[in-house]
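Protein chains: 4
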Amino acid sequence: MTQASTQEKPLNIINLYELADEVSKNMDKGAFGYIRGGAEDELVLENNRRSFNQKFILPRVMQNIETSDIDLSTQLFGIPLKTPIIQSPMAAQGLAHQDGELASAKGMAKAGSIFSLSTYSNKTIEEVAKVAGENPFFFQFYLNKNTEFNAFILNYAKQNGAKAIILTVDSTVAGYREDDVRNNFNYPGKFANLEAFEKYQRGKQQLTPSEVLVEAKQALVFSDIQYVKQLSGLPVIVKGIQSPVDAHHAIKAGADAIWVSNHGGRQLDSGPASFDMLPAIAKMVNKRVPIIFDSGVRRGSHVFKALASGADIVAVGRPILYGLHLGGAEGVNSVIEHLNKELRINMQLGGVKDIEQIQRTVLYTQTELETRFLQ
Amino acid sequence: MTQASTQEKPLNIINLYELADEVSKNMDKGAFGYIRGGAEDELVLENNRRSFNQKFILPRVMQNIETSDIDLSTQLFGIPLKTPIIQSPMAAQGLAHQDGELASAKGMAKAGSIFSLSTYSNKTIEEVAKVAGENPFFFQFYLNKNTEFNAFILNYAKQNGAKAIILTVDSTVAGYREDDVRNNFNYPGKFANLEAFEKYQRGKQQLTPSEVLVEAKQALVFSDIQYVKQLSGLPVIVKGIQSPVDAHHAIKAGADAIWVSNHGGRQLDSGPASFDMLPAIAKMVNKRVPIIFDSGVRRGSHVFKALASGADIVAVGRPILYGLHLGGAEGVNSVIEHLNKELRINMQLGGVKDIEQIQRTVLYTQTELETRFLQ
Amino acid sequence: MTQASTQEKPLNIINLYELADEVSKNMDKGAFGYIRGGAEDELVLENNRRSFNQKFILPRVMQNIETSDIDLSTQLFGIPLKTPIIQSPMAAQGLAHQDGELASAKGMAKAGSIFSLSTYSNKTIEEVAKVAGENPFFFQFYLNKNTEFNAFILNYAKQNGAKAIILTVDSTVAGYREDDVRNNFNYPGKFANLEAFEKYQRGKQQLTPSEVLVEAKQALVFSDIQYVKQLSGLPVIVKGIQSPVDAHHAIKAGADAIWVSNHGGRQLDSGPASFDMLPAIAKMVNKRVPIIFDSGVRRGSHVFKALASGADIVAVGRPILYGLHLGGAEGVNSVIEHLNKELRINMQLGGVKDIEQIQRTVLYTQTELETRFLQ
Amino acid sequence: MTQASTQEKPLNIINLYELADEVSKNMDKGAFGYIRGGAEDELVLENNRRSFNQKFILPRVMQNIETSDIDLSTQLFGIPLKTPIIQSPMAAQGLAHQDGELASAKGMAKAGSIFSLSTYSNKTIEEVAKVAGENPFFFQFYLNKNTEFNAFILNYAKQNGAKAIILTVDSTVAGYREDDVRNNFNYPGKFANLEAFEKYQRGKQQLTPSEVLVEAKQALVFSDIQYVKQLSGLPVIVKGIQSPVDAHHAIKAGADAIWVSNHGGRQLDSGPASFDMLPAIAKMVNKRVPIIFDSGVRRGSHVFKALASGADIVAVGRPILYGLHLGGAEGVNSVIEHLNKELRINMQLGGVKDIEQIQRTVLYTQTELETRFLQ
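Residue numbers (our numbering), protein chains in the order written: chain R, 11 to 385; chain E, 11 to 385; chain A, 11 to 385; chain B, 11 to 385.
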């Protein structure tokens, strides 16, 4: 991990696509391939981006909006947020920056939003909790066959102040990512929470971090949601939903929020764009629980469109790691600020001044433009 | 502004796309980026062009049309025009040519059509009025929070013979144009009308041009239309409409014409192509007031298609600045003449001989070609 | 015209697209630009090709077809043809080969099909008639304001054995072809038939070839069809139809055949693909008269698809000039033979053995494939 | 055939597309052109691939699937298979490897699946039978006008243990493959089964291998199916079906299975993608007989989608020859294993654990995603 960046500075961002180009020039090839890559032919990776361009925001005029009145604030589980944009959980952030999750957590705190800590982070929950301070963070969790591990880690998260558990359910096997095969990629760092578990077990029959990884549970069932809720005593967000039916079952099983995601195109490359599934899932969820959306968000307009299609909160992944690599905590904050800036312009020109008004905005497909108004 | 052109000559134009390529070779990079650029990913810029190609003019034969009988003349607000093609308002034309708006105004006069002068021009209304002479011109206006400025400038326009006010309503915040960020672009010239206001205020509490710019009104409301009508005593064209509903409200509020435009793709990059919205807006307007159309017009066929889709007048922006740069007033006239030439050929081959016949022509989408005739 | 080819040999043709590439390497740039080029953005040129790929021939098996039984023969106006593929009229074939129309006529005779002679040919009707011998040829005609010219030329055609008049109605003004403007292209040769007219007038008030050209009639009307029929006493094919309504009017006015064509994309660049209009025109014509089809035919499969979409005869233009340039009369024959070869393979694999069976074959769009069979 | 490979090793496969690139670098140009190539413009070759991307597998979660429980086994005609992926018949495998069909047969045996031997193989049925041992193989057959040949070869196959006859019906004439014309390609090896026939005839009126080839029957009829069944006494699979009607006629005529194929885009280039015809054919077949599918399968997801669209078995062609070239029998096995690996990941993420569950899975088009769930 000697290549990991030690940068710490705000970034002059033109747009988030160019940020990736910049990172690609000096990040370790294997690390960049792992972060950037998608599964197989990367059809979903491409489709996630394309899908946003298939829906139009109609420009509205004379809607009495002063730019200074535009308000991005919202809330999730009663937690006040300065922006509807939170961070998607991502493993091993030491790949991007020497301070890893500590810097990300600081950056998200500066942006007034939520940091999501991965089970497979390079820093412990405890370390992250310290730098997060008053700022809320969520803990992302992969269920394990080892119940002792489950109990330890969920308790560890709760004791250190995590506000919710993100239960990832779409990665019971890793997507077939060819860059990682080509680059013979392996995580170079240590998984700090697994080491914490190893230490905690001392004296008992011990499980090494590698053994914990191998024991990740594949045969997930909807009743696992209750199990996690009971062990953690925290709200459980079920992450990785693309099917409306699965969203329904997850809510019936106790999910406190649905996280619509196709893992940024890293899992099933034959699946649809995440944004294309959002309206149907939102219809099925029918406001029973909040919806968080991710996969492909690179523009303020994408945030707008996701909110207008049923999302309550929008999460961003890779660009935050790019910001982290280029500018540490400040870089992470710059990414969120840039998206906020684009979002505000889109709101002004789309004729809305707060998140609720975005959520009531109707988007149009090309076909709808040509037919709906002419009937 | 030393780089601005001093050329004065008619142009041999192959087509307007190549004109842009030619200009790109020797115009100052910042100036060219500002003129050419669109917002964000420039999706609308591209889509504006593409949209014209999705509608077909059916070739018609044996319609008894002598090319010499083809008549491009029309009128707007009773002003006779030699062509349905007028100029879109554009700021700071000194970027393209040392004579700026004076040369454009002369060029449009030579073409027998209307010049639209921007509030943020490099030449004053008074100067332009002098060169325009008998030829009609319109004045484009951004409403200001400073009511004294509004009163001054609208009176200044009227006194100098402007025939109508173009009230731009789609730019309460600037679109996010990345070339301008990359080039660190700033207007190099002075805003002549704002300086005229500064001079006019002498002795009172004074507003500098920069202060006027900052005070541009964002929270526009439909009743502002009446305010501008009363201050100016001139017809008010509401420019920047993409929503049929907004068109309706503007007419209810007193608009004398609707200018359908997405600002040439410079504002909301998530919006539709301007041409794709035209039929729905025309249906909503239902001939209550004239419709002016712009955004993406680069071919005589585009003019034809816009007229056949509900427009009464078609406006052109960037290509006129390119003509201005390469040939001054003569270059501006060459651009209009080239479009007229292409338009006449399209009319002959489409089987129509005047603007009214174009407006009654039915266009077809690919799907309609395959289904309408076969039912 | 010193660059014109004097080649005379059969060609080894891979496909007709590559033939164009080969010609482009050594034909005079202006001549190649004139022959290859389309109007404006060449959208129709591209669309003519694309349109064929939107319709599928369903492979059929076990249909009891011996390849040696496949029969391409057909007829037009009672004239027996060895192939359904005839030549489209094209002006000034001296551009492609020193023997110009004489070589083309010989090549088409060898192929057992019809040669179409342009009014603006480099060889006279008389010269062509001599080399054609027993083989039928048609004469293509542009109506002139000078009635003496009309009478002369139509009589000249009839006296020399032309079997039909092709009245071109889609070129009352030339399409805007940018290559010709760029290359400053002018016909280098003489128009032999116009010179014949000049000679014929000797002693009377004389019209030079250039004056005849200028006097081409633009204000065509449907009753002109009767005029041409009466002057020539020959069947009149109306060429350049893209509108079903125009096809109907032409038949009502006496047309003996309809030639569906968009002039190979050389005229109205905003129009549809010719192949896309064929089904609707065929439905309107309803077998009252034969339909000839051209524009974009480069493959045996295109011939198949045109015949299956309502055409009785399919015409080919540019590729014949390419064959003429590379191989003279033999080259022309090679082009037809190559198309015949591809057509036969398509027939065998499509499960049909003669032209009539092709005409009864149903083609499918992608959408129809996905829906028609599943209902 | 001196260039043919003698490699024997397992392959590190990234994906099957790259395998082709690797082969292209060192296989003889003519051989590679023959194996890789498609007909005419290779539209079907491209479309075969594209078609898979138009249907989506919806990711499913929490479906209680342990990866180790995923089961690829299935059966055909009661023959147990370790994978639903079998080999398509391909001629002259000596082009790819010195051991030709012997190595392929060994590789498929190792993969626990079926090898399909072509009539026009470089090794005899007898030789293949020896290396296949207990492992099942099918014999692919082109009907001949020479009934003695038919009787000989079908008996030869049966005596040597072939489990079924694959009657290819879509190649009564070879598709027009331009690479073969360009490369002046001819099969360099001998056709071992035709030589076996020559030897068998000794003493009678003899037919050389070339004469047998020339006498291949073109005028196939559906009753030929019974003829082959009676001569061979084996199940007959009719291969090369793209029309639902032809599938129906073949079953009525006694076909024991339908093999949906467009010959990998090598025959009628104007036809549809094979995958696009599968649902309609499956509907028509209505489970009366098993369906085998090929043409364009390069991903485990393609296998999944074909099975979910009505196929019972999926066949792969070219990639197996590429594996054969690069690694002999081991290379062939590596190709199947790689597809199995991708398929397993797709099953886990698509929420199914066996072939039957795949077959009950619903796929979605983009349009269905946008509409079906929202009604």
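Where is the CB? At the ideal position from N, CA and C, for every residue including glycine.
Worksheet item: Pro20/A versus chain B: which residues are under 9 angstroms apart at the beta carbon?
Response: Residue mapping note: residue 20/A aligns to position 10 of the third sequence, counting from 1. Neighbours of Pro20/A in chain B, taken as residues whose beta carbon is under 9 angstroms from its own, are absent, since the nearest beta carbon is some 15 angstroms off.
Item to complete: Would you mind telling me which residues of chain A sit closer than 9 angstroms to Tyr374/E, beta carbon to beta carbon, in chain order?
Response: One-based indexing of the second sequence puts residue 374/E at position 364. The contacting residues are Pro282.
Worksheet item: DSSP three-state call for Tyr210/R: helix, strand or coil?
Response: Numbered from its first residue, the first sequence carries residue 210/R at position 200. DSSP, read as helix, strand or coil, puts Tyr210/R in helix.
Practice prompt. Could you tell me the boundaries of the alpha helix (DSSP H) in which Leu164/A lies?
Written response: For this step, residue 164/A is matched to residue 154 along the third sequence. Membership of Leu164/A in the alpha helix (DSSP H) is indicated by the continuous run 157 to 169.
Item to complete: Closer than 7 angstroms by beta-carbon distance: list the chain R residues that pair up with Phe232/E, in chain order.
Response: For the purposes of this step, residue 232/E is identified with residue 222 of the second sequence, where counting begins at 1. Within 7 angstroms of the CB of Phe232/E, the CB atoms of chain R belong to Met72, in sequence order along the chain.
Worksheet item: What in chain A is Cβ-close to Thr129/E, meaning under 9 angstroms?
Response: As a working note, residue 129/E is residue 119 in the second sequence. Listed along chain A is no residue with a C-beta nearer than 9 angstroms to that of Thr129/E; the closest approach is about 35 angstroms.
Worksheet entry | DSSP bridge partner residues for Ile95/E (one or two, in chain order) | Walking along the second sequence from the start, residue 95/E turns up at place 85. Its beta-bridge partners are Val324/E.
Fill in: Same chain, Cβ closer than 6 angstroms to Met11/B, five either side skipped, listed in chain order
Here residue 11/B is taken as the residue at index 1 of the fourth sequence, counted from 1. Summary for Met11/B: the model assigns pLDDT 40, below 50, so the residue's position carries little reliability; its value from the coordinates is reported in the next sentence. Contacts found: Gly104, Pro198, Gly199.
Worksheet item: Does the Cβ-Cβ distance between Gly337/E and Lys39/E come in under 8 angstroms?
Response: What you label residue 337/E is simply residue 327 of the second sequence in a count that begins at 1. What you label residue 39/E is simply residue 29 of the second sequence in a count that begins at 1. No, the Cβ-Cβ distance between Gly337/E and Lys39/E is not below 8 angstroms.
Worksheet item: Cβ of Phe151/R within 8 angstroms of Cβ of Val54/R?
Response: By 1-based counting over the first sequence, the position of residue 151/R is 141. By 1-based counting over the first sequence, the position of residue 54/R is 44. No. Outside cutoff.
Fill in: Run of the alpha helix (DSSP H) containing Phe195/B, from where it starts to where it stops
The count along the fourth sequence starts at 1 and reaches residue 195/B at position 185. Premise fails: Phe195/B is in no alpha helix (DSSP H) and is neither H nor E.
Item to complete: State the start and end residues of the unbroken alpha helix (DSSP H) segment that holds Lys249/B.
Response: Start at 1 with the first residue of the fourth sequence, and residue 249/B comes out as number 239. From DSSP, Lys249/B is part of no alpha helix (DSSP H) but of the beta strand (DSSP E) over 246 to 251.
Worksheet item: Does the beta carbon of Ile24/A sit closer than 8 angstroms to a beta carbon anywhere in chain B?
Response: The count along the third sequence starts at 1 and reaches residue 24/A at position 14. Interface annotation, Ile24/A: in contact with chain B, CB-CB separation under 8 angstroms.
Item to complete: Tell me where the alpha helix (DSSP H) around Gln85/B begins and ends.
Response: Here residue 85/B refers to the residue found at position 75 of the fourth sequence. Taken as a continuous stretch (DSSP letters only), Gln85/B belongs to no alpha helix (DSSP H), being part of the beta strand (DSSP E) at 84 to 86.
Worksheet item: Based on the DSSP secondary-structure assignment, which residues constitute the bridge partners of Leu373/R?
Response: Here residue 373/R corresponds to residue number 363 of the first sequence, with the count starting at 1. Listed as beta-bridge partners of Leu373/R by DSSP are Ile67/R.
Worksheet entry | Chain-order list of residues whose beta-carbon lies under 6 angstroms from that of Arg382/A (same chain, five-residue window excluded) | Sequence index remark: in the third sequence, residue 382/A carries index 372 (1-based). None.
Worksheet item: What residues in its chain sit with their C-beta under 6 angstroms from that of Ala139/A, if we drop five residues either side in the sequence?
Response: To locate residue 139/A, count along the third sequence from 1; it is residue 129. For Ala139/A, the CB contacts under 6 angstroms within the same chain, skipping 5 residues up- and downstream, are Asn170, Gly171 in chain order.
Worksheet item: At which residues does the alpha helix (DSSP H) containing Ile235/R begin and terminate?
Response: Translated into positions along the first sequence, residue 235/R becomes position 225. Its alpha helix (DSSP H) spans residues 234 to 242.
Practice prompt. Please state whether DSSP places Thr12/A in a helix, a strand or coil.
Written response: Taking the first residue of the third sequence as position 1, residue 12/A is located at position 2. Confidence is the limiting factor: at Thr12/A the pLDDT is only 44, short of 50, which leaves the residue's position unreliable, though a coordinate-based value still follows. Looking at Thr12/A - three-state DSSP - the assignment turns out to be coil, as it is neither helix nor strand.
Item to complete: Answer with buried or exposed for Gln252/B, where buried requires no fewer than 16 other C-beta atoms within 10 angstroms of its C-beta.
Response: On the fourth sequence, residue 252/B is found 242 positions in, with the first residue counted as 1. Gln252/B is buried by the Cβ-count criterion.
Discussion item. Less than 8 angstroms between the beta carbons of Gln369/B and Leu317/B, yes or no?
Written reply: For the purposes of this step, residue 369/B is taken as the residue at position 359 of the fourth sequence. For the purposes of this step, residue 317/B is taken as the residue at position 307 of the fourth sequence. The answer is yes: Cβ separation under 8 angstroms.
Worksheet item: Just how far apart, CA to CA, sit Glu188/E and Tyr27/R?
Response: Within the second sequence, the letter at position 178 stands for residue 188/E. Within the first sequence, the letter at position 17 stands for residue 27/R. Tyr27/R has its alpha-carbon roughly 12 angstroms from the corresponding atom of Glu188/E.
Item to complete: With Phe148/B as the anchor, note down where its beta strand (DSSP E) starts and where it stops.
Response: Position 138 of the fourth sequence holds residue 148/B. In the DSSP assignment, Phe148/B falls within the beta strand (DSSP E) that extends over 147 to 151.
Worksheet item: Between the C-alpha atoms of Gln216/E and Trp269/E, what's the straight-line distance to the nearest angstrom?
Response: Within the second sequence, residue 216/E is the residue found at index 206, counting from 1. Within the second sequence, residue 269/E is the residue found at index 259, counting from 1. The alpha-carbon of Gln216/E is positioned some 34 angstroms away from that of Trp269/E.
Worksheet item: If Pro245/B sits next to Ile291/B, beta carbons under 8 angstroms apart, how far is it from one beta carbon to the other, in whole angstroms?
Response: Residue 245/B sits at position 235 when you count from the first residue of the fourth sequence. Residue 291/B sits at position 281 when you count from the first residue of the fourth sequence. Contact check for Pro245/B and Ile291/B: beta-carbon distance about 19 angstroms, past the 8 angstroms limit, so the pair fails to qualify.
Practice prompt. Decide if Pro282/A is buried, meaning its Cβ has at least 16 other Cβ atoms within 10 Å, or exposed.
Written response: As a position in the third sequence, residue 282/A is number 272, starting the count at 1. By the neighbour-count criterion, in which a residue is buried when 16 or more other Cβ atoms sit within 10 angstroms of its Cβ, Pro282/A is buried.
Item to complete: Return the CA-CA distance between Ala174/R and Glu136/R, expressed in angstroms with no decimal places.
Response: Walking along the first sequence from the start, residue 174/R turns up at place 164. Walking along the first sequence from the start, residue 136/R turns up at place 126. If you take the alpha carbons of Ala174/R and Glu136/R, they lie about 15 angstroms apart.
Worksheet item: What residues in the region 216 to 228 of chain A bring their beta carbon closer than 7 angstroms to a beta carbon of chain E?
Response: Per Cβ criterion, the list reads Gln228.
Discussion item. With distance defined between alpha-carbon atoms, name the residue in Met100/B, Thr375/B, Gly117/B, Val179/B nearest to Tyr130/B.
Written reply: Taking the first residue of the fourth sequence as position 1, residue 130/B is located at position 120. Ranked by how close their Cα comes to the Cα of Tyr130/B, the residues Met100/B, Thr375/B, Gly117/B, Val179/B have Met100/B in first place.
Worksheet item: In this structure, what does DSSP give as the bridge partners for Asn25/A?
Response: The count along the third sequence starts at 1 and reaches residue 25/A at position 15. Beta-bridge annotation (DSSP): Asn25/A is not paired with any residue.
Worksheet item: Does any residue of chain A bring its CB to less than 8 angstroms from the CB of Pro254/B?
Response: In the fourth sequence, counting from the first residue as 1, residue 254/B sits at position 244. Interface residue, yes.
Worksheet item: Closer than 9 angstroms, Cβ to any Cβ of chain A: which residues of the region 183 to 197 of chain B, in chain order?
Response: Against chain A - using a Cβ distance shorter than 9 angstroms - the residues of the region 183 to 197 of chain B are Val183, Ala184, Gly185, Tyr186, Glu188, Val191, Arg192.
Worksheet item: If you measure beta-carbon to beta-carbon, which residues of the region 70 to 102 of chain A are closer than 7 angstroms to chain E?
Response: For the region 70 to 102 of chain A, the set of positions with a beta-carbon nearer than 7 angstroms to some beta-carbon of chain E is empty.
Worksheet item: So, are the CB atoms of Leu359/B and Asp234/B less than 8 angstroms apart?
Response: Translated into the one-based positions of the fourth sequence, residue 359/B becomes position 349. Translated into the one-based positions of the fourth sequence, residue 234/B becomes position 224. No, they are not a contact pair.
Worksheet item: For the beta strand (DSSP E) that Glu303/R lies in, which residues bound it at each end?
Response: Looking up residue 303/R in the first sequence gives position 293. At residue 303/R the sequence reads Phe, which differs from the Glu that was named. Boundaries of the beta strand (DSSP E) harbouring Phe303/R: 301 to 303, taken from the DSSP string.
Fill in: Reduced DSSP category for Val224/A - H, G, I as helix; E, B as strand; rest coil
The residue you call residue 224/A lines up with position 214 of the third sequence. In this structure, Val224/A counts as helix in the three-state DSSP scheme.
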